[in-house]
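Below: the structure, in C-alpha cells.
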Amino acid sequence: MKMISHSNSSRFKKALLGLPYEERLIPKITMDDVLSRWDSLCRSGYTPVDVCRMANGEMIDEDVYKQLMRSLNGYL
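Basically the working numbering = 1-based index in the sequence shown + 1.
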C-alpha cells in the first residue's frame, strides 16, 4: 500500500480548513472542522471520526487521499 508523504497530509488539512497553500502553521483538525465540511466529505464513504483521525495522522494512503480530496473538492 503506497503512502502519501506528510506534505500531502498537510495539503488535505489545509483544504479541509480552507487555509492557503503557503500557510505553515496548521492546527489540529477537530470533529467540528470535519462536520463543517461534511456535506462534501460524506461522499468519501468514511465516517467523520475516520476522516478526523486520518487528517491528524502523519500519512494518508494514496488512494484514500485522492478519494478524500475528490469528495472535498467536487470538481476534481
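Each residue gets a CB set at the ideal place from its N, CA and C atoms; glycine is no exception.
Between which residues of its own chain and residue 61 is the CB-CB distance below 7 Å, once the five residues before and five after are set aside?
In the sequence shown, the residue the question calls residue 61 occupies position 60. Excluding sequence neighbours, residue 61 sits near 5, 9, 10, 13, 55.
In whole angstroms, give me the CA-to-CA distance for residue 47 and residue 27.
Translated into the one-based positions of the sequence shown, residue 47 becomes position 46. Translated into the one-based positions of the sequence shown, residue 27 becomes position 26. If you take the alpha carbons of residue 47 and residue 27, they lie about 22 Å apart.
When the distance is taken between beta carbons, is residue 69 closer than 9 Å to residue 50?
Working through the sequence shown from its first residue, we reach residue 50 at position 49. Working through the sequence shown from its first residue, we reach residue 69 at position 68. 9 Å or more divides the Cβ of residue 50 from the Cβ of residue 69.
What does the alpha-carbon distance come out to for the pair residue 72 and residue 25?
Within the sequence shown, residue 72 is the residue found at index 71, counting from 1. Within the sequence shown, residue 25 is the residue found at index 24, counting from 1. Cα-Cα distance, rounded: 24 Å.
CA-CA distance, residue 32 and residue 21?
As a working note, residue 32 is residue 31 in the sequence shown. As a working note, residue 21 is residue 20 in the sequence shown. Answer to the nearest angstrom: the Cα atoms are 21 Å apart.
Inter-residue CB distance, residue 30 and residue 57 (contact presumed, cutoff 8 Å):
Stepping through the sequence shown from its first residue, residue 30 is reached at position 29. Stepping through the sequence shown from its first residue, residue 57 is reached at position 56. Going by Cβ atoms, the distance from residue 30 to residue 57 rounds to 5 Å, so yes, they are a contact pair.
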